[in-house]
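The structure appears below as structure tokens.
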Amino acid sequence: MISLNFTKMSKTLFNVGDRVGVNDYIGTVRYKGPVENAKGEYYGVEWDQINRGKHNGTHLGKSYFTTRNNETSATFIKAKIIHPASTCLEAIKDKYGQVDDELAGVEYSEAFIGNQQSGKDVSIELVGMKKVNDLQSQFSTLRVVAVQNSLVYGEEDSQALGQFIPSVEELDLSGNLMSSWSTVANIIKHLNKLTMLYLSDNRLVYVEDDEELIKPAFQNIRSLILNAMSMTWDEVLLCSPLWMDIRELHLCRNSITEIPSAPNWQNLVLLNLSSNNLKTWTNVKPFAKLPMLQELLLVECQLTDIIVDGGDFPSLQSLYLNDNKISEWVHIGQLHKLSTLTDIVFMRNPVLERAPDDTNRQLVIAKIPSIIKHNGTRIEALERKGAEIDYTKMFGEMWIEQGSCLEITEAIQQFCLEHPTYLSLIKKWGAPEKTEVVKSKPKSAIKDSLIEVTFVDLVTESGKRVTKCIPDTMNVVKCRNLAIRLLGIKGVRCVVSYRAHQNGEEYEFEYDLRTVTYYGVQNGDEILLRQLS
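Residue 533, in UniProt numbering, is where the sequence shown stops; the numbers in between run on with no holes.
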């Protein structure tokens, strides 16, 4: 074991291009020298967090440097307030080194917790802290090393680092002070077992002339996490020759807005582009021919459309589309072309605001035949059958009017474009009869189509009853939501059934998209609301 009794060679002098840390902020030195009307030497720093800055490099009318995108993210600071930077080896020793005391480096004050009732500190027994520390300080056995936010600027002796942690497979260098890809390469070049590397929240400069020298350092990297690095797609393309054999790549929260082309990542299995302002599927299309891509994360990318061609994404299994701007179901219908897609996560998009969650789930199931999981919940065979049959009835009137014609009309082509799975569904389950379809009635017929029912609260003990007329075309989902609202039920998941006034028998509603009259609800019947068990 190696104790913490080592000499730290901290870096305290910095040059232009170096990364520096002050309190919880990190920035890049853009200028070093005198500042007008001020004594001594100053560092002009462009901060990663824009709100830390006060100007764009111009002070009292004089321009000392220019910030990226001309943001007001810069300040001038004295060297004395900059935290000393450390090597990667120092940071690892600092965090994982053996501490020779009973609490294994835990401060005595940390051995107490606050009692919420009394407001006083209560002592706790720290069991096994010494044992855990002893295990962690056996550096040669460490497989996972995390020194994120540790003011690491680089490594002076990379060979010594390789000998110090020879077993490491996963290294987290997020939020540190490395300034270039060459610096990163120098840190990892002797970590022969390293396969997963975290570099998020760093700002790294890439010099193309260094490529052949630093490329061997990345040859074993299979998973690379590059979140929040302010990278553009041009910068990604520039660096990509370093990691052409990558399997898992995370590029969340960067400055990627346009993707005209993609590297030939033949072995890429997972790609995460979440929280980049992509807007259109055109920027997703360049990845469509990657042969091994199985998981694609496009959360919060401001996407408004989806356009899939036959043969796109030949191995894709999981697709994440939360928090985008998809407003039409025709775009989700495009995903039926992805025959290998089994898992979709699709929440908080404008198109989902028009109907209850249950209805939206059924629509997604019917539109994408291959999926077996939706928003993390497995789709059972009976649920799929119900969703697909209800879907044929929901759009049955339109099909009967247009689709049953012998001639291929423009209207039929438009129907098939909007409902590409409809023909296969009616082949599978049969076309809906005229009496089964959900019809849209003219306004003059609305009054005749109302039925009077009584909603009964069986959730609480109030037994509240509300009598109201509802359209006979109301489906079960809307009926349940209306019952919850009329009876004032809050914070409880509910189900509905109905009791026939003629015989007093209670009947269940099996499928949410079917109308209440499909189940035989008539004037005078009761809609019963219960808590979901």
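All residues carry an ideal CB built from backbone N, CA and C; glycine is no exception. Here the structure is a predicted model, which means the values were calculated and not measured.
Do residue i and residue j have their CB atoms nearer than 8 Å?
i, j, result
"glutamate 170", "methionine 196", "yes"
"valine 453", "glutamate 526", "yes"
"tryptophan 243", "isoleucine 214", "no"
"leucine 199", "arginine 19", "no"
"histidine 419", "glycine 333", "yes"
"aspartate 245", "asparagine 264", "no"
"histidine 250", "asparagine 227", "yes"
"leucine 528", "valine 466", "no"
"valine 22", "histidine 83", "yes"
"leucine 270", "glutamate 295", "yes"
"leucine 458", "arginine 530", "yes"
"aspartate 305", "tryptophan 281", "yes"
So, for residue i: in the same chain, excluding its five sequence neighbours on each side, which residues have a beta-carbon less than 8 Å away from its beta-carbon?
i, result
"lysine 62", "Glu36"
"leucine 352", "Phe346, Asn360"
"glutamate 208", "Leu238"
"serine 230", "Asp48, Arg68, Arg203, Asn254, Ser255"
Nearest-angstrom Cα distance between residue i and residue j?
i, j, result
"isoleucine 389", "arginine 143", "52 Å"
"leucine 316", "asparagine 272", "13 Å"
"methionine 347", "leucine 319", "12 Å"
"aspartate 172", "isoleucine 470", "60 Å"
"glycine 311", "isoleucine 368", "16 Å"
"isoleucine 256", "asparagine 56", "23 Å"
"phenylalanine 218", "valine 147", "19 Å"
"valine 495", "glutamine 302", "35 Å"
"serine 240", "glutamate 211", "10 Å"
So, at 6 Å on beta carbons, what are the nonlocal neighbours of residue i in its own chain, with the 5 sequence-adjacent residues on each side left out?
i, result
"arginine 493", "Leu532"
"serine 275", "Cys252, Arg253, Glu300"
"aspartate 512", "Asp358, Val476, Val477"
"serine 73", "Glu46, Trp47, Ile50, Gly53, Thr67"
"leucine 425", "Glu388, Thr392"
"asparagine 149", "Gly175"
"phenylalanine 76", "Val35, Tyr42, Gly44"
"arginine 30", "Gly44, Glu46, Phe65"
"phenylalanine 313", "Ala288, Leu338"
"glutamine 181", "One point to set straight first is that residue 181 is tryptophan, not glutamine, in the sequence displayed. The residues are Leu204, Tyr206."
"glutamate 506", "Ser497, Arg499"
"phenylalanine 14", "Val20, Val29"
"isoleucine 26", "Asp48"
Where does residue i fall in DSSP's three states?
i, result
"tyrosine 498", "strand"
"lysine 279", "coil"
"leucine 224", "strand"
"serine 424", "helix"
"glycine 154", "strand"
"arginine 253", "coil"
"threonine 392", "helix"
"arginine 68", "helix"
"serine 240", "helix"
"asparagine 481", "helix"
"leucine 171", "strand"
"histidine 336", "helix"
"asparagine 272", "strand"
"glutamine 302", "coil"
"glycine 162", "helix"
"alanine 74", "strand"
"alanine 38", "coil"
"alanine 381", "helix"
For residue i, count neighbouring Cβ atoms within 10 angstroms of its own Cβ and tell me buried if that reaches 16, exposed if not.
i, result
"serine 339", "exposed"
"isoleucine 307", "exposed"
"threonine 232", "exposed"
"valine 122", "With a pLDDT of only 44 at valine 122, under 50, the local geometry of the prediction cannot be trusted, and no value is derived from it."
"glycine 488", "exposed"
"lysine 93", "buried"
"glutamate 90", "buried"
"alanine 160", "exposed"
"isoleucine 484", "buried"
"histidine 501", "exposed"
"valine 205", "exposed"
"proline 432", "buried"
"glycine 524", "exposed"
"methionine 193", "Note that residue 193 is lysine in the sequence shown, not methionine. Lysine 193 is exposed by the Cβ-count criterion."
"residue 534", "Nothing in the structure corresponds to residue 534, since the chain is present only between 1 and 533."
"residue 534", "A query on residue 534 cannot be resolved here, the shown segment of the chain reaching from 1 to 533 and no further."
"arginine 378", "exposed"
"glycine 520", "exposed"
"aspartate 201", "buried"
Give every residue of the same chain whose Cβ lies closer than 7 Å to the Cβ of residue i, excluding the five residues on either side of it in the sequence, and list them in chain order.
i, result
"serine 158", "Asn186, Ile187, Lys189, His190"
"histidine 374", "Ile344, Arg361, Val364, Ile365"
"phenylalanine 395", "His419, Tyr422"
Is there at least one Cβ from chain C nearer than 8 Å to residue i's Cβ?
i, result
"glutamine 49", "No chain C is present in this structure, which holds just one protein chain."
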